[in-house]
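In UniProt numbering, the protein residues as written are 1 to 118.
Yeah, the Cβ is synthetic: ideal placement off N, Cα and C, and Gly gets one too.
Contents: one structure, followed by commentary.
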């Protein structure tokens, strides 16, 4: 009984190996992977070394693009916040506007009195 179960197990594994080999060849055809010169078939080493290079490049590009997107969101968020604050600082109804000192920073002292004309 032990030899028979070993034979069926071996047949099952050989069948799985054959199916896996077929799927690998289909994968190579789908991704247009060609065998190196001197080889009759594409080796898994060749396929996965190309795949590794691609996935590494993709990951690096993905990280760069995400960083750019996050920076754009940060700038847009702060620009929107600044645009909502600016009318409050320089609104005609406030009676005074805040000026800027020599360094370009906002100054707390009122520089310009805004006169409302009837």
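With 16 as the cutoff for other CB atoms within 10 Å, does residue i come out buried or exposed?
i          : result
residue 3  : exposed
residue 42 : buried
Roughly how many angstroms separate the alpha carbons of residue i and residue j, rounded to a whole number?
i          : j          : result
residue 63 : residue 49 : 21 Å
residue 95 : residue 60 : At residue 95, the pLDDT of 46 sits below 50, so the modelled position is not reliable; the number obtained from the coordinates is stated separately. So the alpha carbons of these two residues sit roughly 53 Å apart.
residue 81 : residue 66 : 22 Å
residue 14 : residue 51 : 27 Å
residue 39 : residue 56 : 26 Å
residue 24 : residue 74 : 45 Å
residue 97 : residue 78 : Note that residue 97 scores 49 on pLDDT, short of 50, meaning its location in the model is unreliable; the coordinates nonetheless yield the value given after this. Their backbone Cα atoms lie some 21 Å apart in a straight line.
residue 45 : residue 68 : 35 Å
Considering only residues of the same chain and omitting the five flanking positions on each side of residue i, which have a CB-CB separation below 7 Å?
i          : result
residue 76 : none
Within the continuous alpha helix (DSSP H) that includes residue i, where are the two ends?
i          : result
residue 29 : 2–30
For residue i, I'd like the list of residues in its chain whose CB is within less than 6 Å of its CB, leaving aside the five on either flank, ordered along the chain.
i          : result
residue 11 : none
residue 29 : none
residue 33 : 42 and 47
Which same chain residues, not among the five before or five after residue i, have their C-beta less than 8 Å away from its C-beta?
i         : result
residue 9 : none
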